[in-house]
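K.L.:
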Amino acid sequence: MSKQAALPVIDLNAGTPCCPPLAVSRIPAETASVLAPAFKALGDPVRLQLMSMIASAEGGEACVCDLTPAFELSGPTISHHLKTLREAGLIDGERRGTWVYYRARPGIMRQLAALLVFDEAPAVQAV
1 MSKQAALPVI
11 DLNAGTPCCP
21 PLAVSRIPAE
31 TASVLAPAFK
41 ALGDPVRLQL
51 MSMIASAEGG
61 EACVCDLTPA
71 FELSGPTISH
81 HLKTLREAGL
91 IDGERRGTWV
101 YYRARPGIMR
111 QLAALLVFDE
121 APAVQAV
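Residue numbers 1 to 127, in UniProt numbering, belong to the letters of the sequence shown in order.
#1: Can you list, in chain order, the residues of its chain with a C-beta nearer than 6 Å to that of residue 57? Leave out the 5 residues immediately preceding and following it.
#2: What is the DSSP secondary structure of residue 95, counted as helix, strand or coil?
#3: Determine the extent of the beta strand (DSSP E) in which residue 58 is found, giving its start and end residues.
#4: How big is the Cα-Cα spacing for residue 87 and residue 37?
#5: Could you tell me if residue 80 is buried or exposed, where buried requires 16 or more neighbouring beta carbons within 10 angstroms of its beta carbon?
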């Protein structure tokens, strides 16, 4: 029987942040390993643009038929980038006939955004 504690499950769809912002405290190793693939996926300029296009699309979803022409890349290359975003948990895709429609997953986007909050207000010292 192992004495090792089970790793806490991080709910990427939770409405509340998983942990305090990076500027407030150190991120737990378990949380870092869960969120790092999403940050890594967004580290590519094409994927960052795709994510922006999908997240800001009217109606909350974007058809691959509208995403592909926005880039000077082949369809298979765009598909590869979308697959990377999907595997990182940032988007969901739904096939409708010939086309796939993509939707951002707001829970994980909120988690990532909460980590990056940086308050520049000076700390108030107790007297």
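Note that CB positions come from ideal geometry on N, CA and C, so glycine has one too.
P.N.:
Reading off the structure:
#1: Counting from 1 along the sequence shown, the entry for residue 57 is found at position 57. Excluding sequence neighbours, residue 57 sits near nothing in its chain.
#2: As a first step, residue 95 is located in the sequence shown; it is residue number 95 there, counting from the start. Under the three-state reduction of DSSP output, residue 95 falls in the strand class.
#3: Reading the sequence shown from its first residue, position 58 is the one you call residue 58. For residue 58, no beta strand (DSSP E) run applies, since DSSP gives it neither H nor E.
#4: Here residue 87 refers to the residue found at position 87 of the sequence shown. Here residue 37 refers to the residue found at position 37 of the sequence shown. Between residue 87 and residue 37, the C-alpha separation is close to 9 Å.
#5: Counting from 1 along the sequence shown, the entry for residue 80 is found at position 80. Residue 80 comes out exposed.
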